[in-house]
Amino acid sequence: MTDSATQLPHGGKQPFSGKLVIAVVSLAILTFLGILSETSLNIAYSTLMEEFSIGASVVQWLTTGYLLLLSVSISSSPFMVRKFATKTLFIMAVVIFAAGTLLGALAVNFPMLLAARLVMSLGTASPCRSSPASFWKSAA
Numbered sequence: 034m035t036d037s038a039t040q041l042p043h044g045g046k047q048p049f050s051g052k053l054v055i056a057v058v059s060l061a062i063l064t065f066l067g068i069l070s071e072t073s074l075n076i077a078y079s080t081l082m083e084e085f086s087i088g089a090s091v092v093q094w095l096t097t098g099y100l101l102l103l104s105v106s107i108s109s110s111p112f113m114v115r116k117f118a119t120k121t122l123f124i125m126a127v128v129i130f131a132a133g134t135l136l137g138a139l140a141v142n143f144p145m146l147l148a149a150r151l152v153m154s155l156g157t158a159s160p161c162r163s164s165p166a167s168f169w170k171s172a173a
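Residue numbering for the sequence shown follows this note's numbering, beginning at 34 and increasing consecutively.
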């Protein structure tokens, strides 16, 4: 049963395609940036409270609103995965997240910063992040 037709090259291991490696690294970077934006804002609360002359109960809406919209957006993932191509969803997630980041960097008041955080959460909640099985299948 050691027929040469049944043996795999590379010592029996199937090599990863470059496309799959790029997809995994890209998704890891987007996930890292989403988690970083979720957690790193907490240390800036006191500075934001001073800058915008707001209280702690108001500034906490940056995290609360982000996580609320994130949880609502993730529930739409099955629909999005069936309706659009995975590559399109991933590119749109990156564009939306980058737009939210740019809007946040240019924010001149608290409502603008809150809107930017909500836009960022839409990019973070991409169907690629919440439905990785479809992402891996399309990248393989």
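By construction, the Cβ of each residue, glycine as well, lies at the ideal position given by its N, Cα and C atoms.
query: What did DSSP end up calling residue 148 once you bin it into helix, strand or coil?
result: helix
task: Could you tell me whether the segment 85-99 touches the segment 113-130, where touching means 3 or more Cβ pairs closer than 8 Å?
output: no
field: Alpha-carbon to alpha-carbon, residue 48 and residue 77
entry: 44 Å
query: Any idea if residue 137 is buried or exposed, counting beta-carbon neighbours within 10 angstroms, 16 or more meaning buried?
result: buried
message: Whole angstroms are fine: how far does the CA of residue 100 sit from the CA of residue 71?
response: 8 Å
query: Which term fits residue 56, buried or exposed, when burial requires 16 or more other beta carbons within 10 angstroms of its beta carbon?
result: buried
Separation of residue 60 from residue 144, as counted between CA atoms: 30 Å
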